[in-house]
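Under the numbering used here, the first residue of the sequence shown is numbered 1, with each subsequent residue one higher.
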Amino acid sequence: MIDKELPLERYAAVLADIAAGTPRDEAIAARGLSEAAFDEIEQAVEAEFSKAMEHDGPTVPPFFQRYEAAVRDAQARARTSRTVSLEDFARGVAAIQRQGDPVAALERVGLTPTDLVSALGHWGDKLAKDPELAATFEAIRTGKKR
C-alpha cells in the first residue's frame with residue numbers, strides 16, 4: 001500500500017507545487033526527494049489508481065478518497081505559501097541592495113516582504129549547503145554570467 005512506503009501526501013504536495021508554478025525539479029527537491037524517488041512514488045500511485053479502478057461496489061474506492069483528500073490539502077497549502085524561485089529570490093535581494101526602500105524594491109520585481117521571508121526559509125539552508133547553488137544565486141544577484 002502506498003501510504004506505508006511511498007507517502008501519497010508527498011506526491012500530492014509535489015503536484016500542487018508544480019501546478020502553482022514551481023519548476024518540477026524544485027518541487028521534487030523541496031520535498032526531500034530525488035527524481036528517481038519521485039518516479040517510484042508516481043508509479044506506485046498509478047498502480048494504486050489501476051487497482052482502485054477495479055473496485056466493484058456502490059461506494060467510492062478508499063484510495064480515491066485518500067487521493068482526493070491529499071490533493072485538496074496540498075493545493076490549499078500551495079495556495080497559501082508561494083514558493084519563490086531562486087531567480088526571483090536573487091533578483092529581490094539585488095533590488096533591495098540597489099534601493100533604500102525594501103518594500104518598493106520588492107514590488108518593483110513582483111515580490112512582497114512575505115515572499116522574501118518565505119524564500120529565505122526555502123532557500124537559506126540550501127544555499128548554505130550547496131556551493132554550486134550559492135554560486136548560481138550570486139551570479140543572478142550580481143547579473144554576472146557563470
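Heads up, the beta-carbon is just placed ideally off N, CA and C, and yes, glycines get one too.
Note that the coordinates shown come from a computational prediction; the quantities given were computed from them, not determined experimentally.
{"Item": "Under 8 Å between C-beta atoms of Ala12 and Ala74", "Value": "yes"}
{"Item": "Local conformation of Asp101 per DSSP, three classes", "Value": "coil"}
{"Item": "Sequence ranges, alpha helix (DSSP H) only - wholly within the stretch 32 to 73, length at least 4", "Value": "35 to 53"}
{"Item": "C-alpha distance - Ala105 paired with Ile96, whole-angstrom precision", "Value": "5 Å"}
{"Item": "Secondary structure of Pro7, DSSP reduced to three states", "Value": "coil"}
{"Item": "Distance between Arg77 and Gly92 (C-alpha atoms, nearest Å)", "Value": "23 Å"}
{"Item": "Where the alpha helix (DSSP H) containing Pro131 begins and where it ends", "Value": "Pro131 to Thr142"}
{"Item": "Under 8 Å between C-beta atoms of Ala29 and Asp17", "Value": "no"}
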